[in-house]
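*Asks:* I'd like to ask some things about the structure below.
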Amino acid sequence: MATGQIFSKTTQALFYNYKQLPIQRMLDFDFLCGRETPSVAGIINPGSDGFQKLFFGQEEIAIPVHPTIEAACNAHPTADVFINFASFRSAAASSMSALKQPTVRVVAIIAEGVPESDAKQLISYARANNKVIIGPATVGGVQAGAFKIGDTAGTIDNIIQCKLYRPGSVGFVSKSGGMSNELYNTIARVTDGIYEGIAIGGDVFPGSTLSDHILRFNNIPQVKMMVVLGELGGSDEYSLVEALKQGKVQKPVVAWVSGTCARLFKSEVQFGHAGAKSGGELESAQAKNQALRDAGAVVPTSFEALESVIKETFEKLVHHS
Numbered sequence: 008m009a010t011g012q013i014f015s016k017t018t019q020a021l022f023y024n025y026k027q028l029p030i031q032r033m034l035d036f037d038f039l040c041g042r043e044t045p046s047v048a049g050i051i052n053p054g055s056d057g058f059q060k061l062f063f064g065q066e067e068i069a070i071p072v073h074p075t076i077e078a079a080c081n082a083h084p085t086a087d088v089f090i091n092f093a094s095f096r097s098a099a100a101s102s103m104s105a106l107k108q109p110t111v112r113v114v115a116i117i118a119e120g121v122p123e124s125d126a127k128q129l130i131s132y133a134r135a136n137n138k139v140i141i142g143p144a145t146v147g148g149v150q151a152g153a154f155k156i157g158d159t160a161g162t163i164d165n166i167i168q169c170k171l172y173r174p175g176s177v178g179f180v181s182k183s184g185g186m187s188n189e190l191y192n193t194i195a196r197v198t199d200g201i202y203e204g205i206a207i208g209g210d211v212f213p214g215s216t217l218s219d220h221i222l223r224f225n226n227i228p229q230v231k232m233m234v235v236l237g238e239l240g241g242s243d244e245y246s247l248v249e250a251l252k253q254g255k256v257q258k259p260v261v262a263w264v265s266g267t268c269a270r271l272f273k274s275e276v277q278f279g280h281a282g283a284k285s286g287g288e289l290e291s292a293q294a295k296n297q298a299l300r301d302a303g304a305v306v307p308t309s310f311e312a313l314e315s316v317i318k319e320t321f322e323k324l325v326h327h328s
């Protein structure tokens, strides 16, 4: 797993499986951030080639379309992010083929329902070769003012409201994509905004974990504090608890694990994600929140109190510096 920055203002991506809306949203974001070059270098649409016309600001641009992953990587050697919009049926095979390209460093897998055995293979290959997987089942991520993946943070209006067109100093990582937008808004209201935000996806075996990204943010000087949104089910939050206990994280971490309402149900509850199922006490949101609190994270008493805790933590930083 990478130890610091994975994106910058010059990051370029290859987009697998042509989808007009997410690509156009990336280009609109680029334009808003004042990027000189569009962040999508090429599109891979199996079996077709040519160009796809899209907008960069008012100007129409033509983005090359390639029939294979190899052809795209050869044509765009500086594009090191692979954004995979394949369906769950072909997501694993295309992701593996992208990871094997020497030029690709980061693979974002949007598809839900990638079989766990396939996900495990992708993860072990990526770890062995020092590459980063974001997802599966992710909405992606954003480096404010620099680069965003697909539909992350939604519409231009939302991006402006969340001040994502310029970097702030908060590193944010979440299991949930849907909740990310809400948190981008919250963070923009009570701090100077997001530096980088990542949704790791809701699967039981994420390609990169909450703690992977927190440790990465810890090494990025521009990130002054971190916000983590976990959820019940799985044990990913405990790797973060370990990292905190071992003193590997020097910056303040505000954390909340959602799903505390699951206690109110008698049977095992399945929430929206494959990983969000409360099996046993350790996987409950209460147990995780308590473990994070004990390890030194700032954990509010409820989701409603998260905003004021983020605000307080940020204000302390401002007064100290």
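With my numbering applied, the sequence shown corresponds to residues 8 to 328, in that order.
Glycine included, C-beta positions come from ideal geometry on N, C-alpha and C.
Quick caveat: nothing in here was measured; it's all calculated off a predicted structure.
1) What's the gap between the Cα of Phe179 and the Cα of Pro228?
2) Can you check whether the CB of Leu28 is closer than 9 Å to the CB of Asp158?
3) Whole angstroms is fine: what's the gap from Ala9's alpha carbon to Val139's?
4) Would you kindly report the start and end of the unbroken beta strand (DSSP E) that includes Asn91?
5) On a Cα-Cα basis, can you pick out the residue from Lys127, Ile201, Asn188, Lys107 that is closest to Val150?
6) Which residue marks the beginning of the alpha helix (DSSP H) containing Pro29, and which one marks its end?
7) According to DSSP, which residues form a beta bridge with Ser181?
8) Hey, out of Met103, Val211, Tyr245, Ala79, whose CA is closest to Ser55's CA?
9) For Leu313, which residues from the same chain have a beta carbon less than 6 Å from its beta carbon, with the 5 sequence-adjacent residues on both sides left out?
10) Threshold first: 3 residues or longer. Then list the beta strand (DSSP E) segments lying entirely within the stretch 137 to 175, N to C.
11) Where does Asn296 land, buried or exposed, given buried means 16+ other C-beta within 10 angstroms?
12) Starting from Val256, trace the alpha helix (DSSP H) both ways and give me its first and last residue.
13) Taking the continuous alpha helix (DSSP H) assigned at Glu77, which residues delimit it?
14) Quick one: what's Leu21 bridged to in DSSP?
15) Does Phe58 come out as helix, strand or coil in the three-state DSSP assignment?
16) Using DSSP bridges, identify the partner residues of Ala262.
17) Hey, is the stretch 96 to 112 in contact with the stretch 80 to 88, meaning 3+ C-beta pairs nearer than 8 Å?
18) Output the boundary residues of the alpha helix (DSSP H) element that contains Ala105.
19) Is it buried or exposed, Glu290, if we count other Cβ atoms within 10 angstroms and call 16 or more buried?
20) Candidates Val146, Ser265, Gly303, Glu288: which alpha carbon is nearest Gly254's?
21) Taking the alpha-carbon positions, what's the Phe63 to Asp37 distance?
22) In the DSSP assignment, find the unbroken beta strand (DSSP E) run with Ala115 in it and report its ends.
23) What are the boundary residues of the beta strand (DSSP E) that includes Glu67?
24) Could you give the DSSP three-state label for Ile221: helix, strand or coil?
25) DSSP three-state label for Phe14, please.
26) What are the start and end residues of the alpha helix (DSSP H) that includes Gln229?
27) Using beta-carbon positions only, say whether Lys323 and Ala153 come within less than 9 Å of one another.
28) Is there contact between the stretch 215 to 230 and the stretch 179 to 190, where contact requires at least three CB pairs shorter than 8 Å?
29) Please report the distance separating the alpha-carbon of Arg32 from that of Lys26.
30) Could you please give the first and the last residue of the uninterrupted alpha helix (DSSP H) stretch that includes Gln300?
31) Val211 by DSSP, collapsed to three states: which one?
*Replies:* Inspection of the coordinates gives the following:
1) 15 Å
2) yes
3) 7 Å
4) 88 to 91
5) The sequence given here places Gln at residue 150; Val does not occur at that position. Here the closest residue by C-alpha is Ile201.
6) 27 to 39
7) Ala206, Leu236
8) Ala79
9) Trp263, Pro307
10) 139 to 141, 148 to 150
11) buried
12) Careful: Val256 lies outside any alpha helix (DSSP H) and carries neither H nor E.
13) 76 to 82
14) Gly49, Phe89
15) strand
16) Val235
17) yes
18) 95 to 106
19) buried
20) Gly303
21) 8 Å
22) 113 to 116
23) 66 to 73
24) helix
25) coil
26) Gln229 -> no alpha helix (DSSP H), and no H or E assigned at all.
27) no
28) yes
29) 11 Å
30) Note on identity: in this sequence residue 300 is Arg, with Gln being the wrong assignment. Note, Arg300: alpha helix (DSSP H), 292 to 301.
31) coil
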